[in-house]
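One structure is given here, and the rest of the page talks about it.
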DNA sequence: CGTCTAGCTGAACCATGTTCGGCATTCTAC
DNA sequence: GTAGAATGCCGAACATGGTTCAGCTAGACG
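Chains as they are written, first to last, in this note's numbering: chain A, 1364 to 1520; chain B, 1364 to 1520.
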């Protein structure tokens, strides 16, 4: 399988713990998984090098920084356009948080956040004007039950 | 506005930097925003207390840990069921990363990741059997252009 | 058997997080 | 105005945790 990295049970436990709380000290993680701090340190650096750990980030509350509106925008493209054509332009809109190519009667799926419904309206207008875009269908989020849950590493059979 | 926190330009810069790289030292952030390490430290702690910074996390590559398939699952509920009713059950499925209540001809929107298409099929079957669920429509992600982009804090008018 | 490698440990060292006293500025209330 | 309080900043001191290292052990391989 492409990109797949072989992780043992301890690596999986480390990845899980760091997803929940990346500020844990190596000593603390070591205590939880049964290793010394130095050994945990070595494994974490290896996970970074292998591309399992892509970045260290903070999770911010969107509402607290003024982003009250979340929406998913399904985009249908014209037949001669591809997701790779339009994605760079969508990347220029800072409101767009995610951009996927999708299967089904949708070609591109975006996740966007704006301060107000009016800002979402303006964003949609700009998206519709991107060359290659045929039609958009938006789904506005009313409330979020949960988000950003840790991914559970798959254990090899 | 509910949950809204007043942030000045320096707070917004700090939040932005930490979203990109939460391992930056306070001294380094201070150099970028024009403050001492101690002052940055104080602001960050305040941002945590106010709920702007919700958690420190790592971003993992889903494919590297064996999660090859990403899908959005639109759920239609029966008339007597609400998102709050079914969300706890969806929360029991570790494959489900997000759960939102939505407006439009969809009631609940889920984001899920599985190792294989067969695992997605099994997950869908379990979701369909959750009491209150009427119908599901899945959109499988073919490729991801970008994801997890930093949120830009809104500046007050 | 001997050698090589991978992975672990504890100890030492160094960078960074954290706390603190003091100073400057602003705000409030008289 | 002005006294007093509050806020936010600084540099310095201290404590914690990240990082490096030498050495040990176990397993793989000839």
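Ideal placement from N, C-alpha and C gives every residue a C-beta, glycine not left out.
Per the DSSP calculation, residue i is bridged to which residue(s)?
i: residue 1439 (chain B); result: B:1498
i: residue 1399 (chain A); result: DSSP, once it has assigned bridges, lists no residue as partnering residue 1399 (chain A).
i: residue 1389 (chain B); result: The partner list for residue 1389 (chain B) (beta bridge, DSSP) is empty, contrary to what the question assumes.
i: residue 1423 (chain A); result: B:1416
i: residue 1473 (chain A); result: A:1436 and A:1462
i: residue 1507 (chain A); result: B:1463
Here's the rule I'm using: 16 or more other beta-carbon atoms within 10 Å means buried, otherwise exposed. How should residue i be labelled?
i: residue 1419 (chain A); result: buried
i: residue 1426 (chain A); result: buried
i: residue 1435 (chain A); result: buried
i: residue 1429 (chain A); result: buried
i: residue 1460 (chain A); result: buried
i: residue 1385 (chain B); result: buried
i: residue 1500 (chain B); result: exposed
i: residue 1485 (chain B); result: exposed
i: residue 1374 (chain B); result: buried
i: residue 1492 (chain A); result: exposed
i: residue 1502 (chain B); result: buried
i: residue 1372 (chain B); result: exposed
Apart from the five residues just before and just after residue i, which ones in its own chain have a Cβ nearer than 7 Å to its Cβ?
i: residue 1465 (chain A); result: 1471 and 1472
i: residue 1480 (chain A); result: 1432
i: residue 1497 (chain A); result: 1439, 1440 and 1441
i: residue 1477 (chain B); result: 1430, 1432, 1458, 1483 and 1486
Return the chain-ordered list of same chain residues with a C-beta closer than 6 Å to the C-beta of residue i, the five sequence neighbours on each side being excluded.
i: residue 1463 (chain A); result: 1472
i: residue 1415 (chain A); result: 1368
i: residue 1474 (chain B); result: 1435, 1460 and 1461
i: residue 1376 (chain A); result: 1396
i: residue 1399 (chain A); result: 1393
i: residue 1450 (chain A); result: 1462
For residue i, decide whether its Cβ has a neighbour in chain B, counting only Cβ atoms nearer than 8 Å.
i: residue 1457 (chain A); result: yes
i: residue 1425 (chain A); result: yes
i: residue 1366 (chain A); result: yes
i: residue 1487 (chain A); result: no
i: residue 1398 (chain A); result: no
i: residue 1472 (chain A); result: yes
i: residue 1483 (chain A); result: no
i: residue 1416 (chain A); result: yes
Looking only at its own chain, which residues have a Cβ that is under 8 Å from the Cβ of residue i, when we skip the five neighbours before and after it?
i: residue 1381 (chain B); result: 1387, 1392, 1407 and 1416
Is there a C-beta anywhere in chain A that falls below 8 Å from the one on residue i?
i: residue 1440 (chain B); result: no
i: residue 1428 (chain B); result: yes
i: residue 1460 (chain B); result: yes
i: residue 1419 (chain B); result: yes
i: residue 1406 (chain B); result: no
i: residue 1497 (chain B); result: no
i: residue 1409 (chain B); result: no
i: residue 1493 (chain B); result: no
i: residue 1436 (chain B); result: no
i: residue 1517 (chain B); result: yes
Checklist line | Near-chain A residues of the region 1499-1513 of chain B (beta-carbon distance less than 9 Å), N- to C-terminal order | finding: Within the region 1499-1513 of chain B, the residues whose Cβ lies closer than 9 Å to any Cβ of chain A are, in chain order, 1500, 1501, 1502, 1503, 1504, 1505, 1506, 1507, 1508, 1509, 1510, 1511, 1512 and 1513.
What residues in the region 1368-1395 of chain B have a beta carbon less than 8 Å from any beta carbon of chain A?
-> 1368, 1370, 1375, 1378, 1381, 1382, 1383, 1384, 1385 and 1386
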